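The numbering of the sequence shown is the UniProt record's numbering, which starts it at 1 and goes up by one.
Each residue gets a CB set at the ideal place from its N, CA and C atoms; glycine is no exception.
These numbers come from a predicted model, not from an experiment.
Taking it in order: structure first as structure tokens, then the write-up.
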Amino acid sequence: MIKTFENYSFDDIQIPNSIDIETIKTTAFINKKENLILYGPVGTGKTHLATAIGVEACSRAKKVKFYRTAALVNQLLETKRSGELKKFLKQLENLDLLICDEWGYIPLEKEGS
């Protein structure tokens, strides 16, 4: 099942006063170049919400990439080793939305961080 806003409940999450649910659902924060950080305990729907935002952004013709943070770190290390880091960073810069998920599951060692 694709995780969308239609099958997501905002009932159990707290939204800061600086943003509202409609801004999230319409992805208006992307056009404003604003960051959105989702945090909380395991199982609270952060990945579902992040995916729903990405799906909505894609439906609005935005360029979106979703990474598990460990995979992004590995990709950065790999492109650095192969001399392709600048090219990869340029690809990331050209995105409208970069979603990084599962920050809490990566070990941060010197080179990876």
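Could you pull out every residue in the same chain whose Cβ sits closer than 6 Å to the Cβ of residue i, ignoring the five residues on either side in sequence?
i: T51; result: K3
Taking all protein chains shown into account, do 16 or more other C-beta atoms lie within 10 angstroms of the C-beta of residue i, making it buried, or fewer, making it exposed?
i: I19; result: exposed
i: V42; result: exposed
Nearest to residue i by alpha carbon, out of the options?
i: F66; options: F29, C100, K90 and K86; result: C100
i: E34; options: I24, G43 and V42; result: I24
i: T27; options: G54, K86 and N17; result: G54
i: G104; options: L36, A70, F10 and N74; result: A70
Quick one: what's got a C-beta closer than 7 Å to residue i's C-beta in the same chain, skipping five residues either side?
i: L49; result: Y8 and L38
Kindly list the residues whose CB is nearer than 8 Å to the CB of residue i, restricted to its own chain and excluding five residues on each side of it in sequence; keep chain order.
i: residue 141; result: There is no way to answer for residue 141, as the model of the chain reaches only from 1 to 113.
i: A57; result: T27, I30, V64, D96 and L97
Do the segment 81-100 and the segment 51-64 make contact, defined as three or more Cβ pairs closer than 8 Å? yes
Which runs of the beta strand (DSSP E) fall wholly inside the UniProt domain "IstB-like ATP-binding" (2-112) and span at least 3 residues, in chain order? 64-68 and 97-101
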